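*Asks:*
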Amino acid sequence: MSRKRFPRLGAFEPKLIREALVSSVLKLDLRQQKENPVMLLVEIGGILTTISSVIEISTQKSPFFTIFVSFWLWLTVLFSNFAEALSEGRGKARAASLRQSRTSVPARKLKEESFDATFSEISSSDLRKGDLVLVKANEIIPGDGEVVKGAALVNEAAITGESAPVVRESGGDRSAVTGGTTVIANEIILKITTDPGQTFLDRMISMVEGAERRKTPNEIALEILLIALTGVFLAVVANTYSVSAYSAASSGRGSPASLTILIALFVCLAPTTIAALLPAIGIAGMDRLFQLNVIALSGRAIEAAGDVNVLLLDKTGTITLGNRQATEFLTVNGRSNEELMEAALLSSFADDTPEGKSIIALIQEKTGTASFSPENVTFIPFSAATRVSGAQCGEITYLKGAYDAVTKSVLERGGTIPSDLKGKVDGVATAGGTPLVVARNETIFGVIFLKDILKTGIKERFADLRRIGIKTIMITGDNHLTAATIAAEAGVDDYLAESKPDDKLRMIREYQNEGYMVAMTGDGTNDAPALAQADVAVAMNNGTQPAREAANIIDLDSDPTKLLDIVEIGKQILMTRGALTTFSISNDIAKYFAIIPAALIGIYPQLKILNIMGLATPESAILSAVIFNALVIPMLIPLALAGVKFKSMPASKLFAYNLTIFGLGGVIAPFIGIKIIDLVLAGLMYT
Amino acid sequence: MVTEDLTVKGLMLILFLVVVTGVALPLSSFFVRVFSGELSRGIPGRIEKTIYRFIETNSDTENSWKGYARDMLIFNGIGFVILFALLLLQGFLPFNPEKFGSFDLFTAINTATSFVTNTNWQVYSGETTASYLTQMAGFTVQNFLSSATGICIAIAVMRGITRHSTDKIGNFWVDMTRCTLYILLPIAFIFALILTSQGVIQNLDPYVQANGYGSTGQQTIAMGPVASQEAIKELGTNGGGFFNANSAHPYENPTPLTNLIEIFLILIIPAAMPLVFGKMTGKIRQGWMIYSVMLLLFLLGFCTLYAAELAGNPLLKELNVSGISMEGKEVRFGLLGSSLFATSTTATSCGAVNTMHDSLTPLGGLVTMFMILLGEVAFGGVGSGFYTMIGFIVLSVFIAGLMIGRTPEYLGKKIEILEMRAAVITVLVPGILVLLFSGIALVLPNVTELMKNPGPHGLSELIYAFASMANNNGSAFAGFDASKPFYTLTGSLAMLIGRFVPAVAMLAMAGSLAQKKKVPPSSGTLPTDSVTFSIWTILVILIIGALTFFPLFAMGPIAEHLSMVGGI
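Right, here's the structure in full:
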């Protein structure tokens, strides 16, 4: 299978950097900055210090200190803009490639649902919900819709990056098509399900681009904290002016803190680091998801993913490989192994399912005979009604299927149920297998042991999840015995056996009422209500349109295991926010020790004892703090984009760990950084 | 000459804290029973019913947070009007043997605000201004009601955290009645008797004229119903003294024993509140965690203050004055009794004083100021200390929760936009008030004329005044004349905002939390009763306090301290 993903864009690709540099200058527009009030204030500070340095030049005071401070304030704002622009840039590059598939194409709008109905040719942008459209081979599908007639091979590379075509047909769970994808063979009639501008592709583009990015509740809550702190620091700085004026007057020494110093103090205290990087953290999180080929249809969904504490997982495809394999033949009522194998072979030779193939493979392995094709045989395919499959050889019927289905059929034919059958069937189920009962006409020969194969590494994954407090629940149609065994083998916390479609919905509601946040994956139309109810609902891209509409996250690869990655990315975003907030606030301690003695030493010389870093001069001390405050932003951009590494450990340990790194680190780092910058500045000044 | 035997004093302190904890524990169970209505049977039940019939409330219906806040504000508004009228009319009313005239308008506004907000900042001097009627029916009544208000709010906040999927957080009138009837009145009554036994006076006699010793000549000795006011003054962390000298006055606080009893009364309800919380939520460990955070902050403050006072002023040693400086302290209480009182009264929102804080060493004074400016959470004011602490915990939980990769939650309740807003308001508003008002005051002309000691110490005096009002403490650094209309009015504003804005914000938070579901705990939940989280909470409280006031402290007490040790 060839696989062409979207080009992986490194964060620091020269082209992206160039674009980000340009747009960080454009973002200096004050109207754009109002989205980020903290940085808006920093920019106003930059403007004020610039004006005051101009005044100083015209009044022939030495303007260098003010010029330097204002220069670095402008840089602080630019660095912040750059971080945001860089994270947006990656999204924009991806959106551009998606947008190519969105160009308007001609569409055949049908009068009625028939391949030879009359049609009018209109532009895809004029299509409305409910319109019927005919699409032929090598044509681009004009809009999101559902196949109502026919079946076709569709290339969905434009959306998924996957070049292998997929079958889309009317009825069933494979009927959804996406606008912008191409029909490769056959023709189909589809009913348009979305109006222009709201199609899947449109939503995808706007999410990837970050254009419609709304702040999530958690982001807003964090912003409240940041703005409140900023407000407090404004009050502190205003108060510092009054107090220094009073102190200078009453001590008869020094002068009130100057505007430049006050602005420098404010900018250093305000939580600029986190405010500068906050938008980038969210956008970068979306982008990391996108690299996994997952599209979150809202930022809230990713955040909720970090909070999830119950995962509902379908057994098949998520926990086990889709195909079960035959591993053993068990005879009943003293029948010979050969009889059983012959019946199994005849009932399965035309069976194309992975299970059927694995039965034939096992027989070949056991007997060493090559495959054969008996004549005069008609295949009885598996149907949901009979729940058996098999073959008809003249008068003789070979059947295999679930215990109750086969026994029912045998009893109807007047046969009897061997006394040891039930025990064998239960034995297989207890061992986590699926028992297939094999019969010829009214005689039961034995049982085939179909084993579920766990995905590799899935057990470790569940152990990780348990460690971080997430409960996993396996959903399966299997009976209780089988489900219990597989559940134990895979290490899930709980299972729901013999589940019916509405069981999922009921279960999600129950957990939510207890306060849990529930995530699930789904693809079928009957999953849609449960998907709509779940807090995090991941729909497979190959699922039906209702499923995709009910979900808030779409997995383009249709790989249910991804749910686990989504949870991790959700957590990473929150952790990065928390870590950088802690770091940002902890930094203030060192900055105070740099600026306060420098600002007040003229008034109270005894305050030089607070200059614990031994910074060279008051000017160099204040400048060093401002420079450190600015430089720390670009230095943390890689962390903001990549996210704090997620560690699978209990919350208490993780908290202590991150607190040490970002809290304690945040206290210590600026002491070192400011001292180094001061040494450099002092060196420059003296030479 | 006074010296200290540190071992003995240390043991005394430990014994004292053991007694406080030992009493707080059963008291907290009593609180739970009172507010659940378990005691409202028999005779007390009938008294309650009569009261409810009189105020026309149905004790079975509860209110949403808005209703609760509205009732609380109406009740306090009525309290303000009555007290205000009393102050303006006292000259025409009985129980006024000294024939005091009415309060002037600004003093009346300031004083009425002060007693309604549980601040008890006093710009008047009790024994020369207030009639016995004002003291009893005005101040003492408000001492009960304002402290009960604080407790009710705290209880409503606890209900908000405990309940789920409801918008009801209680009935203010019922809580108020039960709190006053079962908790405040009986305890205050018993301790008023105990204080009387030690020499605190309780009479309605005219002032006594006496012949002083030596050249002092005629003296007027003030009388009054002191004991009944003294007990609730401490118990409700009110702090408004009957006399101007407050608890330094021998008729308010005659012996070392009454001194310890008064400190005990200041601390006992605030110390019981976190344990009440633990019992109400069924998370006993959580209650003890908050208790230990409060205790550690308290000990931190006390030890610093005690050490600073023990070290004293090096300049005095150079002048061959040995021993501990007792200037401004009462010799009958000693250094421990004075330091413990000073820490307790500022760490809670009490504001009673037995020591002149103006005379403490710069660092000692810094501690009293810092304890107030931290928001009074080291046990804190009755009720208000607890809910302010919850504000800090919500902030701590928010940042900590993010760091473990979950949207933050506290005891199963998600901390979202509304909770953050309420927490931020509760924690930061008093500090901003202090910064703004002191900033304005300092650029006004002639501010230094109002200070006894211009310079860094004068700055401390001014800051302390606003800190005390905005945080509803009520104690004064003294040395600063805050009786000018600018200060009485800005002070009233600071007291009102500092009291009711956080109170309403926390009720809103309670209302929002009550509606939420509870997230069941798992290993992915941040444990909020762990040692790590306790340390984190203490750090958050200290760092927010330090970041907000560092420049002020640098130019106030720190500059003064450095001058002192540097001999400048």
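Here the protein sequences come in this chain order: P and B. With full-length UniProt numbering, the residue at position 132 of the first sequence is 132, and numbering never jumps. With full-length UniProt numbering, the residue at position 105 of the second sequence is 105, and numbering never jumps. Here a beta-carbon is modelled for each residue, glycine too, at the ideal position from N, C-alpha and C. The structure displayed is predicted, hence computed values, not measured ones.
Closer than 8 Å, CB to CB, is residue 646 (chain P) near chain B or not?
*Replies:* It does; some Cβ of chain B falls within 8 Å.
*Asks:* Considering only C-alpha positions, which residue in the set B:94, B:78, B:19 is nearest to residue 116 (chain B)?
*Replies:* That would be B:78, whose Cα lies nearest to the Cα of residue 116 (chain B).
*Asks:* List the residues that DSSP assigns as beta-bridge partners of residue 553 (chain P).
*Replies:* In the DSSP output, where bridge partners are listed per residue, residue 553 (chain P) has P:296, P:538.
*Asks:* Between B:555, B:551, B:313, which has its C-alpha nearest residue 456 (chain B)'s C-alpha?
*Replies:* Answer by Cα proximity: B:555.
*Asks:* Beta strand (DSSP E) containing residue 169 (chain P): first to last residue?
*Replies:* Residue 169 (chain P) -> beta strand (DSSP E) spans 166–169.
*Asks:* Taking just the CA atoms, how far does residue 459 (chain B) sit from residue 551 (chain B)?
*Replies:* One C-alpha to the other measures close to 12 Å.
*Asks:* Of all the CB atoms in chain B, is at least one closer than 8 Å to the CB of residue 492 (chain P)?
*Replies:* Closer than 8 Å: no.
*Asks:* Report the neighbours of residue 655 (chain P) on chain B: residues whose CB is nearer than 7 Å to its CB, in chain order.
*Replies:* Ordered by position in chain B, the residues that pass the 7 Å Cβ test against residue 655 (chain P) are 400, 403, 404, 526, 532.
*Asks:* Give the DSSP-derived three-state secondary structure of residue 177 (chain B) in the structure shown.
*Replies:* It is helical.
*Asks:* Three or more C-beta pairs under 8 Å: does that hold for the stretch 304–317 of chain P against the stretch 403–415 of chain B?
*Replies:* The stretch 304–317 of chain P vs the stretch 403–415 of chain B: in contact.
*Asks:* Could you pull the start and end residues of the beta strand (DSSP E) that residue 132 (chain P) belongs to?
*Replies:* Unbroken beta strand (DSSP E) run through residue 132 (chain P): 132–135.
*Asks:* Compare the C-beta of residue 571 (chain P) with all C-beta atoms of chain B and state if any pair is closer than 8 Å.
*Replies:* Answer yes: the Cβ-Cβ gap between residue 571 (chain P) and chain B drops below 8 Å somewhere.
*Asks:* 8 Å is my cut-off, CB to CB: does residue 391 (chain B) come that close to chain P?
*Replies:* Residue 391 (chain B) does not count as touching chain P.
*Asks:* Select from B:239, B:249, B:214 the residue whose C-alpha is nearest the C-alpha of residue 222 (chain B).
*Replies:* Closest option to residue 222 (chain B), Cα to Cα, is B:249.
*Asks:* Give me the chain B residues within the contact set of residue 479 (chain P), using Cβ-Cβ distance strictly less than 7 Å, ordered along the chain.
*Replies:* Near residue 479 (chain P) there are no residues of chain B at all, since even the closest Cβ is about 29 Å away, more than 7 Å.
*Asks:* Judging by CA-CA distance, which residue of B:461, B:8, B:15, B:150 is the nearest neighbour of residue 359 (chain B)?
*Replies:* Checking every option, the nearest Cα to that of residue 359 (chain B) belongs to B:461.
*Asks:* Please confirm whether residue 235 (chain P) has its beta-carbon closer than 8 Å to some beta-carbon of chain B.
*Replies:* Yes, its Cβ sits closer than 8 Å to a Cβ of chain B.
*Asks:* Would you say residue 178 (chain B) lies against chain P (beta-carbon separation less than 8 Å)?
*Replies:* False, the Cβ-Cβ gap to chain P never drops below 8 Å.
*Asks:* With a Cβ-Cβ cutoff of 8 Å, do residue 351 (chain B) and residue 468 (chain B) count as a contact?
*Replies:* Yes, they are a contact pair.
*Asks:* Would you kindly work out how many angstroms separate the C-alpha atoms of residue 341 (chain P) and residue 396 (chain P), rounded to a whole number?
*Replies:* Near 16 Å, if we compare the C-alpha coordinates of residue 396 (chain P) and residue 341 (chain P).
*Asks:* In its own chain, which residues sit with a C-beta less than 6 Å from the C-beta of residue 7 (chain P), not counting the 5 before and 5 after it?
*Replies:* Because residue 7 (chain P) sits at a pLDDT of 47, beneath the cut-off of 50, its placement in the model cannot be relied upon, and the following sentence gives the value as read from the coordinates. Counting only Cβ-Cβ distances below 6 Å, and skipping sequence neighbours, we find nothing.
*Asks:* Between which residues of its own chain and residue 485 (chain P) is the CB-CB distance below 7 Å, once the five residues before and five after are set aside?
*Replies:* Excluding positions up to five away in sequence, the list reads 430, 431, 432.
*Asks:* Exposed or buried, which one is residue 441 (chain B) when buried takes at least 16 other CB atoms within 10 Å?
*Replies:* Its Cβ being crowded by 16 or more others within 10 Å, residue 441 (chain B) is buried.
*Asks:* Kindly indicate if chain D contains any beta-carbon less than 8 Å away from that of residue 243 (chain P).
*Replies:* Among the protein chains in the structure shown, which are P and B, there is no chain D.
*Asks:* Considering residue 293 (chain B), what are the terminal residues of the alpha helix (DSSP H) in which it resides?
*Replies:* Looking at the DSSP string, the run of the alpha helix (DSSP H) that includes residue 293 (chain B) is 284–311.
*Asks:* Looking only at its own chain, which residues have a Cβ that is under 8 Å from the Cβ of residue 80 (chain B), when we skip the five neighbours before and after it?
*Replies:* Counting only Cβ-Cβ distances below 8 Å, and skipping sequence neighbours, we find 112, 113, 116.
*Asks:* Does residue 219 (chain B) come out as helix, strand or coil in the three-state DSSP assignment?
*Replies:* Correct three-state label for residue 219 (chain B): strand.
*Asks:* Alpha carbon to alpha carbon, how far is residue 557 (chain P) from residue 13 (chain P)? Give it in angstroms, no decimals.
*Replies:* The straight-line gap from Cα to Cα measures roughly 26 Å.
*Asks:* Tell me which residues share the same chain as residue 608 (chain P) and place their Cβ nearer than 8 Å to its Cβ, disregarding the 5 neighbours each side in the sequence.
*Replies:* Only 597, 601 meet the Cβ criterion.
*Asks:* With which residues is residue 474 (chain P) paired in a DSSP beta bridge?
*Replies:* Paired residues: P:313, P:495.
*Asks:* Is any beta-carbon of chain B found at less than 8 Å from that of residue 611 (chain P)?
*Replies:* Not closer than 8 Å to any Cβ of chain B, the Cβ of residue 611 (chain P) fails to qualify, so no.
*Asks:* What's the gap between the Cα of residue 66 (chain P) and the Cα of residue 54 (chain P)?
*Replies:* Distance between the alpha carbons of residue 66 (chain P) and residue 54 (chain P): 9 Å.
*Asks:* Could you tell me if residue 356 (chain B) is buried or exposed, where buried requires 16 or more neighbouring beta carbons within 10 angstroms of its beta carbon?
*Replies:* So residue 356 (chain B) counts as buried.
*Asks:* Under 8 Å, do residue 133 (chain P) and residue 154 (chain P) count as touching if we go by C-beta distance?
*Replies:* Their beta carbons are not under 8 Å apart, which means residue 133 (chain P) does not touch residue 154 (chain P) by this criterion.
*Asks:* What residue range does the alpha helix (DSSP H) around residue 182 (chain B) cover?
*Replies:* Taken as a continuous stretch (DSSP letters only), residue 182 (chain B) belongs to no alpha helix (DSSP H), as it is neither H nor E.
*Asks:* Identify each residue in the stretch 571–588 of chain P for which the Cβ-Cβ distance to at least one residue of chain B is less than 9 Å, and report them in chain order.
*Replies:* Under the 9 Å Cβ criterion, the stretch 571–588 of chain P contributes 571, 572, 573, 574, 575, 576, 577, 578, 579, 581, 582, 585, 586, 588.
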